[in-house]
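Below is one structure, written out as structure tokens; comments come after it.
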Amino acid sequence: MTGPAAAPGHPIRVLLVEDDEDDFVITRGLLSDVSGAAFELVWAATCAEGLRTLAGGEFDVVLLDYRLGRHTALDFLGRMPLAETTPPVILLTGRDDTGTDVVAMRAGAVDYLAKAGLNATMLERSIRYAVERHGAQLARYSAERKFEMLLESVGAIVWQGDPDTLQFTYVSQEAEVLLGYPLEMWTRDPGFWSGHIHEDDRAWAVALCREAARNNVPRTCDYRMIAADGRTVWLRDIVKVVNVGGRRELAGVMVDVTQAKSVEQDLRLRDRAIAAVDEGIIITDPHQPDDPIVYVNPGFERMTGYRAAEVVGTNCRFLQGPGTDPAAVAGIGRALRAAEPIRTELLNYRSDGTPFWNRLSITPIQDEMGSLTHFVGVQRDVTDERSREQKMHLLASALEGLNEQGVSIVTAEGDWVFSNRTHGRLLGYDASADPAPTVDAFLPDDDARREFEHMLATVRNTGSWSGRVRRRRLSDDAIIVLDTFAGGVEDQGRTLFFTIIQDASEAIAHERHLRRAERLAGIGTLVAGVAHELNNPLSAVLGFAQMLLLDARSESERDDLRTIIREAERMANIVSDLRAVARDTQEETGTREPIDLNDVVRHVLKTRAYSLTTRNVETSEDLAQGLPIVSADRGQLEQVLLNLVVNAEQAMGDSGGERRLAVRTRPAPKGVSVEITDTGTGIPGHYLDRIFDPFFTTKAPGQGTGLGLSLVHSIVTEHGGEIRVDSEVGRGTTFRIDLPASAAAPAPVPAPARSDEPPGAPLRVLVVDDEDPVRRVLVRILRRRGHHADEAAEGGQALQILESDERGYDVIVSDLRMPGLDGEELLKRLQARGDGLERRVLFLTGDIASAQAARTLAEARVPALAKPVSAAEFLAAVEKIGYAAGSDP
28 MTGPAAAPGH PIRVLLVEDD EDDFVITRGL LSDVSGAAFE LVWAATCAEG LRTLAGGEFD
88 VVLLDYRLGR HTALDFLGRM PLAETTPPVI LLTGRDDTGT DVVAMRAGAV DYLAKAGLNA
148 TMLERSIRYA VERHGAQLAR YSAERKFEML LESVGAIVWQ GDPDTLQFTY VSQEAEVLLG
208 YPLEMWTRDP GFWSGHIHED DRAWAVALCR EAARNNVPRT CDYRMIAADG RTVWLRDIVK
268 VVNVGGRREL AGVMVDVTQA KSVEQDLRLR DRAIAAVDEG IIITDPHQPD DPIVYVNPGF
328 ERMTGYRAAE VVGTNCRFLQ GPGTDPAAVA GIGRALRAAE PIRTELLNYR SDGTPFWNRL
388 SITPIQDEMG SLTHFVGVQR DVTDERSREQ KMHLLASALE GLNEQGVSIV TAEGDWVFSN
448 RTHGRLLGYD ASADPAPTVD AFLPDDDARR EFEHMLATVR NTGSWSGRVR RRRLSDDAII
508 VLDTFAGGVE DQGRTLFFTI IQDASEAIAH ERHLRRAERL AGIGTLVAGV AHELNNPLSA
568 VLGFAQMLLL DARSESERDD LRTIIREAER MANIVSDLRA VARDTQEETG TREPIDLNDV
628 VRHVLKTRAY SLTTRNVETS EDLAQGLPIV SADRGQLEQV LLNLVVNAEQ AMGDSGGERR
688 LAVRTRPAPK GVSVEITDTG TGIPGHYLDR IFDPFFTTKA PGQGTGLGLS LVHSIVTEHG
748 GEIRVDSEVG RGTTFRIDLP ASAAAPAPVP APARSDEPPG APLRVLVVDD EDPVRRVLVR
808 ILRRRGHHAD EAAEGGQALQ ILESDERGYD VIVSDLRMPG LDGEELLKRL QARGDGLERR
868 VLFLTGDIAS AQAARTLAEA RVPALAKPVS AAEFLAAVEK IGYAAGSDP
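Numbering (my numbering), first residue to last: 28 to 916.
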């Protein structure tokens, strides 16, 4: 193909591309005329032949005719190979056309000669100049290639650039290898280099290169560049100003130091980590006498109070003191002599003499050959940790003493940390067993699991949770209810959850009792109002019927009146029961006296003995002796026991098995208790919460009003006691009543009794009541008896009558609750008069069951009758007050 320029002593090989053979002959003659030089001429007559000949041989120069048949020199030049070794081309033209020559020169020709006037000297000079110039170019190219190969072999980026603009004019191939950008990008874009420097390094790196160019001072800097694939590459760039052909150039060599920087950063990180840890780190050299300390970290200085300069070069036994365990020290010595690792805890002393517990870990360090070089000791101050462990041990001992509260501690993952014996007893597992059951084992269903997760979430968010939960008892698989408090604590970076549980069965029973009491209180308030509203019309019905019966009547009319009276009295009894029910939430209004509960039990059983015997009921008494005395209304207490015994009789009357009634009395924590147990049909569980509700009954229609047990509950509650029931269908029922021991009771108010003696002189009576029918019947009863009676609709009207009356009244009968001036205020006005008229007041009210009425009557200390009242009872009370007032001095 082509080859190097002619060497000294060798002919210059010339390829002549010429389509005119005569011109070939002329050219050959001119070359032969050149003295002192030898030429070897090869002729090609066509453009194609010339290209083939050039490709197949080695030539020093090409003489090219412009006209080559249908081709021109430009066709030849355009098809020549572009390589540094391609020989130079001299254009031979027969035309005097400067424009054509210039175009040819631009296309690659190094010179042009006109055929006209061409001589040997001109031809030889042009050939020799072209050959020598081409030889110099080849030498420079060879040197550059060697230099580039040298640069590529050292693995560094060599570059040159404009010292003013910092645009690269040259960059070695290693730039593309290392950073992935094509070389032309480095030299084409003025801002390429600075634009690909890491943004944190860009400003100062560019400034340093400019400073090197400005001051002509070499600089070395390490900065980061971003590679084409996004990698960050650390480069160490050595920059200096050089002179190239009389021009100032900025040159540099970039070396990849990424790995070195990574190692350097790792070393810095290790040093910072060792300096930052709280643990003390010491390194000793066993090859020096007494194994001295050669390094301590800042953690050691903080822990012990000793400075590094004080301890380096000494043995670490200076940390020991009077409380250091010799056995622990001996164990360390044996491990060091055997070059074995050891972990131990021992008491050490700080520079100020204060002791601390040191958890020490010593590890031998070996070189790559396995030879011992150093010992590394890691020290941790565990004084607080040991103190916490000691406190935890004391706390665990205390928690084990809890008999009713179960305590457990678990991790956030559900692993057990601690549980006391009571926790195990309540949930039916061995608290000392290892491993303990999982938390999930105690959750009976999905609802319980969701509640448990909600509990943990609440503890995480608010710090605590309390409530009632259902759990499975593992010993018998029973579902139990527990009152639970849960909380969270942080312990050495982990979250622990603790729970305190307690059997909720007694609390649930107590709450059920309170709910029943609250429900009955509401019903009692309603019943009290109903009873009050019924008493007034009942008083009128009874009074008018009784007066009508006193007149001459046919027997059928008298029967009708007696039926009215009997049914009204029946209604009055029902109202009386309603009043007793209402007293469940009212203050005590009956007569209290010291009572032996056993006497009441014997009396009730005696009165029911005949009925029990005829029903084939076997009765047993178990009455404790020496019971505390209770303060009670004997009649009410008898009514309670009588209702319970009668209920038991009826329950056993429906059962086909054995019929046994057992009554037992015992001392109770706050007084006495009585239990009535029967073997009757029992009460279904879903009825137990309602049996004390007024009007609730399981008996057939017409066999009960549903007020019996409600009345029992009211009386017991009124006496400060409690009543409970335990029943099982098919096996029977037990009622238990607890009553407080005797306490001070209000002075009893004697019940009015009708005088059997004829009345004395007629009495003057003032009747005060807002109910017109009640006033009318009372006035008629009094007048029929022969007494003088006046009436007033409320207290204010009564006072006006009293002010205008000159004769005075023997008795004032007043309702307690009235619109306007009520009975209580009327009594106060009478007391203010100072004439003793307040001692002649008789209250007649239908509101006797309310707490307010009870307080009023207790404070007034005047007789009172509850509506409805019979005519005889009313007259007896009036005449007792009136005639007693007439005998006052």
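Beta carbons are placed, not taken as given, at the ideal position from N, Cα and C, and that holds for glycine.
Judged by their CB atoms, V282 and L262 are nearer to each other than the 8 Å cut-off. In the structure shown, the three-state DSSP call for G404 is strand. G712 sits in a helix when the DSSP states are folded into three classes. Excluding its 5 nearest sequence neighbours in each direction, E440 has no C-beta neighbour in its own chain below 8 Å. Taking the Cα of A885 as reference, the smallest distance to any Cα among L843, S169, D47 and W220 is reached at L843. The C-alpha of V268 is placed about 6 Å away from the C-alpha of N243. A straight-line Cα-Cα distance of about 15 Å links I184 and F219.
I310 is positioned such that its CB atom lies closer than 8 Å to that of V403. Inside the stretch 77-144, DSSP marks whole alpha helix (DSSP H) runs of 4 or more residues at positions 100-106 and 125-134, from first to last along the chain. Residue nearest to D312 within the set G326, V339 and T331 is V339 (criterion: CA-CA distance). Linking H630 to G662 through their CA atoms gives a straight-line distance of about 11 Å.
Distance check between L387 and each of R344, S398 and S414 places R344 closest, using alpha-carbon atoms only. Straight across, the Cα-Cα distance linking F445 with R413 is about 18 Å.
For S754, the uninterrupted beta strand (DSSP E) segment begins and ends at E749 to E755. Setting aside the 5 residues that flank it on each side, F571 is surrounded in the same chain by V804, each with a C-beta closer than 6 Å to its C-beta; the list follows chain order. Under the DSSP assignment, Q347 falls outside any beta strand (DSSP E); it carries neither an H nor an E label. Assigned with DSSP and collapsed to three states, T371 falls in strand. Burial state of L294 is exposed, judged by a 10 Å Cβ sphere holding fewer than 16 other Cβ atoms.
A straight line joining the alpha-carbon of E676 with that of P789 spans about 52 Å. Under DSSP, F195 takes part in a beta bridge, and its partners are G188.
Bounds of the beta strand (DSSP E) holding I392 are P382 to Q393. Taken through DSSP and simplified to helix, strand or coil, G823 comes out as helix. When secondary structure is reduced to three states using DSSP, A75 falls in the helix class.
If you look at G494, you'll find it in the beta strand (DSSP E) that goes S491 to R500. In the three-state DSSP reduction, M149 falls in the helix class (H, G or I). Rounded to whole angstroms, L854 and G861 show a C-alpha spacing of 12 Å. The continuous stretches of alpha helix (DSSP H) do not include N342, and DSSP gives it neither H nor E. In this structure, DSSP gives R299 a helical state, which the three-state scheme calls helix. A check of alpha carbon separations from Q200 across W186, P190, T192 and Q194 identifies W186 as the nearest. Residue environment: I908 is assigned as buried (16 or more neighbouring CB atoms within 10 Å of its CB, all protein chains considered). In this structure, the CA atom of T73 is about 16 Å from the CA atom of V116. A direct Cα-Cα distance of roughly 6 Å separates A136 from L118.
Going by beta carbons, V409 and W384 fall inside the 8 Å limit. Membership of I808 in the alpha helix (DSSP H) is indicated by the continuous run D799 to R812.
Less than 8 Å separates the beta-carbon of T522 from that of G515. Taking 8 Å as the cut-off, the beta carbon of L857 is found no closer than this to the beta carbon of G823.
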